[in-house]
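There are 2 protein chains.
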Amino acid sequence: MSDTRLPFTDTVRDLPAATPFVGPETLQRQRGERFRARLGANESAFGVSPKAEAAMREATTTISWYGDAESWELKQALADHHGVSTDEIVIGAGIDGLLGVLVRACVTPGTPVVTSAGAYPTFNYHVNGFGGRLEFVPFRDDREDGAALLERAQAVGAPLVYFSNPDNPMGTWWPAEEVERLIAAVPADRLLILDEAYADFAPADAIPPINPSNPRVVRMRTFSKAHGMAGARIAYAIAHADIVTAFNKIRNHFEVNRVAQAGALASLQDQAFIRRVVEEVERGRQDYYETAERLGLKAIPSATNFVAVDMGRDGDYARAILKALQDDGVFIRMPGVAPLDRCIRVSVGRPEERKIFDAALQKAIERVG
Amino acid sequence: MSDTRLPFTDTVRDLPAATPFVGPETLQRQRGERFRARLGANESAFGVSPKAEAAMREATTTISWYGDAESWELKQALADHHGVSTDEIVIGAGIDGLLGVLVRACVTPGTPVVTSAGAYPTFNYHVNGFGGRLEFVPFRDDREDGAALLERAQAVGAPLVYFSNPDNPMGTWWPAEEVERLIAAVPADRLLILDEAYADFAPADAIPPINPSNPRVVRMRTFSKAHGMAGARIAYAIAHADIVTAFNKIRNHFEVNRVAQAGALASLQDQAFIRRVVEEVERGRQDYYETAERLGLKAIPSATNFVAVDMGRDGDYARAILKALQDDGVFIRMPGVAPLDRCIRVSVGRPEERKIFDAALQKAIERVG
């Protein structure tokens, strides 16, 4: 036996071997069978824009070349689209990657960081991974509690506060004026991460205007949801130019796939496609609301491409339902903490997948009893 | 004016706004014109395997789904290919990304890290980015000096030592038995990064057998070079399972593009294509050797897909030649430090690109005088 003493930092040595999520492919390998319906990762069921698909096929012919480290064309198009400067945008390999860079920029071992109990696990994974100390604030009435998050940040001296609107895993949202009030209340020396992964699905009055001259907020958007490009790994942050400079000091400059850049650019230019996806998703949410009502359950109104269904009992019951669905070939997920974990969370699928879910949920309820 | 006090760590605050490389797209934007020949980033000029291309086109149809966070099928194929266990492999978004994760796992502010003066800048970028202190050892006779690297690591207490074989930017290499001697000499509590990005192009007797039971070495391989997939961002490390566990504690689990995974798997299974690429690259190196000879210059014998050409004078002269080539539409790069910077570095292009380089180099020499 060789001596395996390894020169890792204390932070890495002390970390558990945890992953933020077990992916559907891993679950399929464990069960030895593919899922009939993949409705757990809030992926789009409505594909990509034909224009994005054509652009990606074309870009594949030059995949021997590294992508543009500045993602210049995409950045220009995004700047035009959002009415900001290219200095106020940074492109990354998914919001997961951008969150990791921002956590790294602000967190050293012991740094307190504030988020909501039950909010996005990958953000927590990054904070833990840099030795940060997570401070959790409960959801209030199934929504993230912005005022309480800021209050906690002030109390513990946290540089970073995570807030999503619409949120995951409940799908709820705040109106724009409330979010603006929250942004205005962020004190100097603190940064609010406003994760807007699901913004495309939200009512227009839920999304405040973008103002990157305010250095207290980083807005994050992605091509993984309405644009249907989760597998391509491309997203962006909009922030004050000084914050973008910090990203550029430490980000992995050539990390964004060349084909993803071309696809994102084409998809951004096909807003008619995005509108159709958003309409399909609205229909899908309605279907899930009706399924819940039919089964005597309460669906939480959602501004995202998923719906949280309140199973009306405790977390153990919801977990049993989730397991029954999974055993029946239907992949969904659910919130990780009480009281949110009285719900299961189902992504909007195609009509036939929604029917599968409807029937499978009824069966699961009967089976679990 | 708003107060832009930002809550960044001291490390990030003190970093210069540097990038490891200025990419060819950025250079093209600066000059307002595309390059006639793109021979500076050691990208493959010979495309991807038709099987990989087909697999990527097929995978694009499911790009709405996140990629497999375990890259399981690819990992299995790589384990078979290299005769190791899947627990001894980690897949990442390019060697750049894997280097970043490993640096993060070992480096806190002030940690000394040893590399060769003039070796891979992106490694240095990561070390600086985590606040590490780079200790440089000179190349000896245009090769990395393994014994001196280890000696310096011992002297300064560096946990990490970077060594590439074949190396970049000179293209030189050590025979396998020398590399094995180096690996055997790595003391406990130190890790040798053996960057083998160019291994596919090297003579068989330059690459030591892979033995991941040794916890002192991390071997890194990529699909960016011979496989022609630089723009896809996919690479892997082979190491002791305990080291892979550390990667898995902090890596961004869903970062690898779904299409890249499918392409890499298909490319790995098309070794006949890789052999043809390697033969083409050998012919290309010969062409560059002949160009150098014709112009009274000395080419450094290379085991990679690029050739360093000794311009026979100092760094200022080589930089003037590089600039003249660039002004003439030929993108190449060159080493960053003396005495390596007496050379320019040109990637193997297609035959017509090699002719362009041949003519342009002669013209540049005449112009610079």
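As you go down the protein sequences, you meet chains U and L in turn.
Letter by letter, the first sequence follows residues 793 to 1161 of this note's numbering.
Letter by letter, the second sequence follows residues 793 to 1161 of this note's numbering.
Note that beta-carbon positions come from the ideal geometry of N, C-alpha and C, so glycine has one too.
Status (buried if at least 16 other CB within 10 Å, exposed otherwise) for residue i
i                 : result
Gly884 (chain L)  : buried
Glu1071 (chain U) : exposed
Met793 (chain U)  : Residue confidence for Met793 (chain U) is low, a pLDDT of 39 falling below 50, so the modelled location carries little weight; the figure read from the coordinates is stated next. By the 10 Å Cβ count, Met793 (chain U) comes out exposed.
Ala976 (chain U)  : exposed
Ser1094 (chain L) : buried
Arg1125 (chain L) : buried
Pro995 (chain U)  : exposed
Gly824 (chain U)  : exposed
Asp1106 (chain U) : exposed
His873 (chain L)  : exposed
Asp806 (chain U)  : exposed
Gln822 (chain L)  : exposed
Val905 (chain L)  : buried
Gln1063 (chain L) : exposed
Arg797 (chain U)  : exposed
Val978 (chain L)  : buried
Glu936 (chain L)  : buried
Close beta carbons around residue i, own chain, < 6 angstroms, minus the five adjacent residues each side
i                 : result
Thr803 (chain L)  : Pro901 and Gly923
Phe1015 (chain U) : Met1021, Ile1026 and Ala1056
Ala1112 (chain L) : Val1160
Ala980 (chain L)  : none
Met962 (chain U)  : Asp934, Ile1092 and Ala1100
Asn957 (chain L)  : Trp965, Trp966 and Val971
Tyr917 (chain U)  : Pro812
Ser1059 (chain L) : Ser841, Ala844 and His1019
Arg826 (chain L)  : Gln820
Tyr1081 (chain U) : Ala1091
Arg1142 (chain U) : Ala837
Beta-carbon neighbours of residue i, restricted to chain U and to distances below 8 angstroms
i                 : result
Pro799 (chain L)  : Cys898, Pro951, Leu952, Asp981, Arg982 and Leu983
Asn1040 (chain L) : Ala809 and Thr811
Arg821 (chain L)  : Trp864
Contact list for residue i against chain L, beta-carbon separation under 7 angstroms
i                 : result
Met848 (chain U)  : Thr852
Glu845 (chain U)  : Thr852
Ile1148 (chain U) : None at all; the shortest Cβ gap to chain L is about 17 angstroms.
Cutoff 8 angstroms; reference residue i; Cβ partners in own chain excluding five residues on either side
i                 : result
Leu890 (chain L)  : Val882, Gly884, Met1012, Ala1027, Tyr1028, Ala1029 and Phe1039
Ala1151 (chain L) : none
Lys1090 (chain U) : Ala1084, Val1101, Asp1102 and Gly1104
Tyr1109 (chain L) : Met1103, Arg1134 and Val1160
Ala1033 (chain U) : Ser877, Asp879, Glu880 and Pro1004
Contact set between residue i and chain L, taken where Cβ atoms lie within less than 8 angstroms
i                : result
Thr818 (chain U) : Asp860, Ala861, Glu862 and Trp864
Trp966 (chain U) : Per Cβ cutoff of 8 angstroms: no residues; Trp966 (chain U) is ~23 angstroms from chain L at best.
Chain U contact residues for residue i, given Cβ-Cβ distances below 7 angstroms
i                 : result
Gly892 (chain L)  : Asn1044
Val971 (chain L)  : Those within 7 angstroms of Val971 (chain L) in chain U number zero; the least Cβ separation is about 18 angstroms.
Ala804 (chain L)  : Note that residue 804 (chain L) is Val in the sequence shown, not Ala. Those within 7 angstroms of Val804 (chain L) in chain U are Ala897, Ala1038, Lys1041 and Ile1042.
Ile1136 (chain L) : Near Ile1136 (chain L) there are no residues of chain U at all, since even the closest Cβ is about 20 angstroms away, more than 7 angstroms.
Cβ-based neighbour list, residue i, same chain, cut-off 7 angstroms, excluding 5 preceding and 5 following
i                 : result
Ala1156 (chain U) : Ile1113, Ala1116, Leu1117 and Asp1120
Gln1154 (chain L) : Leu1087
Phe1098 (chain U) : Asn834, Gly963, Arg1137, Val1138, Ser1139 and Val1140
Proximal residues of chain U, C-beta to C-beta of residue i below 9 angstroms
i                 : result
Gly824 (chain L)  : Under the 9 angstroms cutoff, chain U gives no residues; its nearest Cβ is about 13 angstroms from Gly824 (chain L).
Ser908 (chain L)  : None at all; the shortest Cβ gap to chain U is about 20 angstroms.
Ser1139 (chain L) : None at all; the shortest Cβ gap to chain U is about 11 angstroms.
Ile975 (chain L)  : Ordered by position in chain U, no residue passes the 9 angstroms Cβ test against Ile975 (chain L), which lies about 12 angstroms from the chain.
heavy atom of the ligand ZN below 7 angstroms from residue i C-beta
i                 : result
Val1129 (chain L) : Looking at this structure, you won't find the ligand ZN or any other ligand, since it has none at all.
Chain L contact residues for residue i, given Cβ-Cβ distances below 9 angstroms
i                : result
Gly815 (chain U) : Tyr858, Gly859, Asp860, Ala861, Glu862, His1045 and Phe1046
(request) With 8 angstroms as the C-beta to C-beta threshold (strictly closer), list the residues of the region 944 to 963 of chain L near chain U in chain order. (result) Residues of the region 944 to 963 of chain L that bring their beta carbon within less than 8 angstroms of a beta carbon in chain U comprise Pro951 and Leu952, in sequence order.
(message) Closer than 8 angstroms between beta carbons: that is the criterion. Which residues of the region 979 to 1003 of chain U meet it against chain L?
(response) Result list: Ala980, Asp981, Arg982 and Leu983.
(request) Return the residues of the region 1045 to 1078 of chain U that lie within a Cβ-Cβ distance of less than 8 angstroms from chain L, sorted by chain order. (result) Among the residues of the region 1045 to 1078 of chain U, those with a Cβ less than 8 angstroms away from any Cβ of chain L are His1045, Phe1046, Glu1047, Val1048, Asn1049, Arg1050, Val1051, Ala1052 and Gly1055, in the order of the chain.
(request) Say whether the region 922 to 939 of chain U touches the region 892 to 899 of chain U, bearing in mind that this needs 3 or more beta-carbon pairs closer than 8 angstroms, one atom from each stretch. (result) By the C-beta criterion, the region 922 to 939 of chain U is judged to be in contact with the region 892 to 899 of chain U, since at least 3 inter-stretch pairs fall below 8 angstroms.
(message) Can you confirm whether the region 1001 to 1017 of chain L touches the region 967 to 978 of chain L when touching is taken to mean that 3 or more C-beta pairs between the two stretches lie within less than 8 angstroms?
(response) Here the region 967 to 978 of chain L makes contact with the region 1001 to 1017 of chain L; the two share three or more CB pairs at distances below 8 angstroms.
(request) Could you tell me whether the region 1110 to 1118 of chain U touches the region 949 to 967 of chain U, using the rule of 3 or more Cβ pairs below 8 angstroms? (result) In this structure the region 1110 to 1118 of chain U does not touch the region 949 to 967 of chain U; the number of beta carbon pairs closer than 8 angstroms is below three.
(message) Against chain B, which members of the region 831 to 842 of chain L pass a CB distance test of less than 8 angstroms?
(response) Considering every chain present, this structure includes no chain B. Its protein chains are U and L.
(request) Report the residues of the region 1017 to 1039 of chain U with a CB closer than 7 angstroms to any CB of chain L, ordered along the chain. (result) Of all residues in the region 1017 to 1039 of chain U, only Gly1020, Met1021, Ala1022, Gly1023, Ala1024, Arg1025, His1032, Asp1034, Ile1035, Thr1037 and Ala1038 place a beta-carbon less than 7 angstroms from a beta-carbon of chain L.
(request) Report yes or no: do three or more beta-carbon pairs, one from the region 1074 to 1084 of chain L and one from the region 1044 to 1056 of chain U, lie closer than 8 angstroms? (result) Result no; under three Cβ-Cβ pairs closer than 8 angstroms.
(message) Assess contact between the region 827 to 834 of chain L and the region 846 to 856 of chain L, defined as three or more Cβ pairs (one per stretch) separated by less than 8 angstroms. Is contact present?
(response) The region 827 to 834 of chain L vs the region 846 to 856 of chain L: no contact.
(request) Please list the residues of the region 877 to 889 of chain L that have a C-beta atom closer than 9 angstroms to any C-beta atom in chain U, keeping them in chain order. (result) Under the 9 angstroms Cβ criterion, the region 877 to 889 of chain L contributes Ala885, Gly886, Asp888 and Gly889.
(request) Indicate whether the contact test is met: 3 or more Cβ pairs, each with one atom in the region 856 to 869 of chain U and one in the region 816 to 823 of chain L, closer than 8 angstroms. (result) Two segments are said to touch when three or more pairs of C-beta atoms, one from each, lie closer than 8 angstroms; by this definition the region 856 to 869 of chain U touches the region 816 to 823 of chain L.
(message) So if I threshold CB-CB distances at 7 angstroms, which residues from the region 1093 to 1127 of chain U count as touching chain L?
(response) Flagged: no residues at all.
(request) Below 9 angstroms between beta carbons is the criterion; list the residues of the region 921 to 943 of chain L that meet it against any residue of chain U, in chain order. (result) Taking 9 angstroms as the Cβ-Cβ cut-off against chain U, the residues of the region 921 to 943 of chain L that qualify are Gly921 and Phe922.
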